[in-house]
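Heads up: the sequence shown is residues 1 to 119, going by full-length UniProt numbering.
All residues carry an ideal CB built from backbone N, CA and C; glycine is no exception.
Here is the structure we will look at.
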Amino acid sequence: MKLSDLLEQKRKEKAKKEKVKNTKIATTSVVLGATVGAIGALLLAPKSGKDTRKVISEKSKKVANTVSEKVKETKGALDNKIINSKENIKKSLLKKEENNENILLEENNLDSEERKDVE
């Protein structure tokens, strides 16, 4: 593999990591915004304190479940990406080993041909 290919691969990996990071930030922001908005709406709604506390409790449980599900989904997606990355690295290393072996074979063949020419 050429140096330019390795650099390109590193650039792509960095871009993927940045995308995952941005996705996490966006997801967290949406969940947090929705939670704050829901709490604000509940606190400003004309209901009794008991009803408001009950609604807040129910909404909090819903948000907690949603966050938990999103975390599990994200973890699964990241686990898959890690597995795929490991497989790609193994393939690249095997390919590099094959290329190195081919280069050595070619060098040995050239050396043999040069010896024959000298004889």
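- Just measuring C-alpha positions, the residue of Thr35, Val67 and Val71 sitting nearest Val55 is Thr35.
- Looking at the backbone, the Cα of Gly37 and that of Glu18 are separated by about 28 Å.
- Taking the Cβ atoms as the reference, Thr52 lies roughly 10 Å from Ala41, outside the contact range of under 8 Å.
- For Ser4, the enclosing alpha helix (DSSP H) has its first and last residue at Leu3 to Leu44.
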